[in-house]
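Quick note: the first sequence uses my numbering, first residue 7, plus one each step.
Report on the following structure.
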Amino acid sequence: MLPQKNLEKVFYDVENPLVKVLTDMEFEGIAIDTLALADYSRELELEIKRAEESVYEQAGVRFKLASPKQLGEVLFEKLQLDPKAKKTRTGQYATSEDVLQKLASKHQIVEDILIFRELSKLKSTYVDTLPLLLNKRTNRVHTSYNQAVAVTGRLSSNNPNLQNIPIRTERGREIRKAFIPRNEEYVLLSADYSQIELRIIAAISEDEQMIDAFRKGIDIHAATAAKVYNVELDAVTTEMRRNAKSVNFGIIYGVSAFGLSENLGISRTEAKTLIDNYFAQYPSIKKYMDDKIAFAQRNGYVQTMLGRKRWLKDINSSNAVVRGYAERNAINMPIQGTAADMIKLAMIAIHKAFKEQNLRSRMLLQVHDELVFDAHRSELEIIKPLILDCMRNALPLSVPIEAELGTGENWLQAH
DNA sequence: TCTCTCACG
DNA sequence: ACGTACGTGAGAGAC
7 MLPQKNLEKV FYDVENPLVK VLTDMEFEGI AIDTLALADY SRELELEIKR
57 AEESVYEQAG VRFKLASPKQ LGEVLFEKLQ LDPKAKKTRT GQYATSEDVL
107 QKLASKHQIV EDILIFRELS KLKSTYVDTL PLLLNKRTNR VHTSYNQAVA
157 VTGRLSSNNP NLQNIPIRTE RGREIRKAFI PRNEEYVLLS ADYSQIELRI
207 IAAISEDEQM IDAFRKGIDI HAATAAKVYN VELDAVTTEM RRNAKSVNFG
257 IIYGVSAFGL SENLGISRTE AKTLIDNYFA QYPSIKKYMD DKIAFAQRNG
307 YVQTMLGRKR WLKDINSSNA VVRGYAERNA INMPIQGTAA DMIKLAMIAI
357 HKAFKEQNLR SRMLLQVHDE LVFDAHRSEL EIIKPLILDC MRNALPLSVP
407 IEAELGTGEN WLQAH
């Protein structure tokens, strides 16, 4: 059935050879500094207690703070923080982070709730759990990679998920420090693609404006800001760049003025102007989006550069909400999926080269646009260019593909 | 087992 | 008036 469904490349060039790469990575596992995590757990415990007691004092009542249901009742019935409080699909008060952020000016209590949320998430999901998952024989943590879960062609990781280890906050970064090399002879090495999805949309859409920016090697978000705000590159402000960056991300997901305005905290009118300017400056990107939707309407699926397909049964739905969702999938999947194809090809090439050269270094983790290695110190000067080369040339496009690489005594330092 | 929330790219 | 940016996995609470 593979030739008939035009899936020979995806199967023979990507998924099948990837099996051995993934089993080797799962078998290797990664070392964890459990002593550091135990210390950190005690520290978090104290801060969580402090935030929790402060919440009860300000609320004038003790309740289960980790229960969104109880928290909603305290915030919106007892304390009356928002007479127009939104409810979720099931009639509970919404208490998600963005809802709480908007209440922060109304009451001091919100700050402590957010601290409690952040720290308890880190403690229960990572700090206290990872040490329990060390394999008794290897003393390392072994994830599983799923090749047939994500509809776009990405991998997913579970038991434990090592693709969502914290990095965005100061407290979260402490956890990355606990991922360490196997012994003193090794360092941790991380290599990641730079703006891979934007480069792919530039290449697939053949947008001359965006391709030109990448070829010149200029900061793509700044270049976009200069275009949508119609100023010189050196006149781009921090805020302009931040907004342009959001639009660039939004484009990959199938932007709406509503989504962009929520993301940036600007009015819907301003968001619409930004998007209109964007499409005027990058006309082929707009055409790409329209073409992908039209293709899906005619064929019932969209595909990546290698022919990996995602079926979109709702693309012609009469329900506008359902149809809109399918339309955004039609825009996003070929981009996200082509990036997934590319890093999988790079992994296969790196694995093969390591084996042929009998190297002691090992590929350990994949996090969508990043690869993490146990790198033997004596092999660094061989593997650095090898890894970068394989990543850059895995799937040649009409734009340059860039990857960055770092090493260190833990995963955070390697970034 | 479902819901809500939140960790990542 | 409605619902609204893509893809995942996991913990706590509630039932």
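Just so you know, even glycine gets a beta-carbon here, dropped at the ideal spot from N, CA and C.
For Asn-364 and Ile-119, the gap between their C-alpha atoms comes out near 52 Å. Secondary-structure assignment with DSSP links Asn-164 through a beta bridge to Ser-150. Non-local C-beta neighbours of Lys-183 in its own chain, meaning closer than 6 Å and more than five positions away in sequence, comprise Asn-416, Leu-418, ordered along the chain.
Between Ser-126 and Phe-360, the alpha-carbon positions lie close to 40 Å from each other.
Taking Thr-40 as the centre and dropping the five residues before and after it, the same chain places the C-beta of Pro-137 closer than 6 Å to its C-beta, in chain order. Membership of Tyr-192 in the beta strand (DSSP E) is indicated by the continuous run 192-199.
DSSP, read as helix, strand or coil, puts His-421 in coil.
If the five residues before and after Val-16 are omitted, its C-beta is found closer than 7 Å to the C-beta atoms of Leu-312, Gly-313, Arg-314, all from its own chain and listed in chain order. Taking C-beta separations shorter than 8 Å and ignoring five residues to either side along the sequence, the partners of Asp-320 in its chain run Val-328, Arg-329, Tyr-331, Ala-332, following chain order. For Asn-338, the number of other beta carbons within 10 angstroms of its own is at least 16, and it is reported as buried.
By the 16-neighbour rule on beta-carbons within 10 angstroms, Ser-102 is exposed.
When DSSP states are grouped into helix, strand and coil, Ala-326 belongs to the helix group.
Proximity of the region 23-36 to the region 87-105 falls short of the contact definition, fewer than three beta-carbon pairs being nearer than 8 Å.
With a 10 Å radius around the Cβ and a threshold of 16 neighbouring Cβ atoms, Asp-347 comes out buried. Per DSSP, the continuous alpha helix (DSSP H) segment holding His-227 begins and ends at 226-234. In the DSSP annotation of this structure, the continuous segment of the alpha helix (DSSP H) that includes Gln-303 starts and ends at 289-305.
Going by DSSP, Val-105 is part of the alpha helix (DSSP H) stretching over 103-109. The C-beta of Ala-326 has fewer than 16 other C-beta atoms within 10 Å across all chains shown, which makes the residue exposed. Buried is the label assigned to Phe-379, since at least 16 other Cβ atoms lie within 10 Å of its Cβ.
Boundaries around Thr-413 are those of the beta strand (DSSP E), 409-414, since no alpha helix (DSSP H) includes it. Here Gly-306 is exposed, its C-beta having fewer than 16 other C-beta atoms within 10 Å.
Lys-92 and Val-373 have their C-alpha atoms some 35 Å from each other.
In terms of Cβ geometry, Lys-112 and Ile-54 do not form a close pair [threshold 9 Å].
Its chain contains Tyr-46 as the residues whose beta carbon lies nearer than 7 Å to that of Glu-180, once the 5 sequence neighbours on both sides are disregarded; these appear in chain order. With fewer than three CB-CB distances shorter than 8 Å, the region 187-198 does not count as touching the region 237-255. Two segments are said to touch when three or more pairs of C-beta atoms, one from each, lie closer than 8 Å; by this definition the region 382-398 does not touch the region 296-310. Annotation: the continuous beta strand (DSSP E) that includes Leu-377 extends over 376-382. Within 10 angstroms of the beta-carbon of Asn-322 lie fewer than 16 other beta-carbons, which makes it exposed. Of all alpha-carbon atoms in Gln-10, Met-7, Val-20, the one lying nearest the alpha-carbon of Thr-310 is that of Val-20.
For Leu-28, DSSP records no beta bridge to any residue. The beta carbon of Gly-412 sits closer than 7 Å to the beta carbons of Ser-196, Ala-420, His-421 from its chain, once the five residues preceding and following it are set aside; these are given in chain order. Setting aside the 5 residues that flank it on each side, Leu-403 is surrounded in the same chain by Ala-209, each with a C-beta closer than 6 Å to its C-beta; the list follows chain order. In terms of Cβ geometry, Leu-43 and Leu-371 do not form a close pair [threshold 9 Å]. Under DSSP, Tyr-99 takes part in a beta bridge, and its partners are Lys-93.
With a 10 Å radius around the Cβ and a threshold of 16 neighbouring Cβ atoms, Pro-89 comes out exposed. Around the beta carbon of Lys-350, a 10 Å sphere encloses 16 or more other beta carbons of the protein chains shown; the residue is thus reported as buried.
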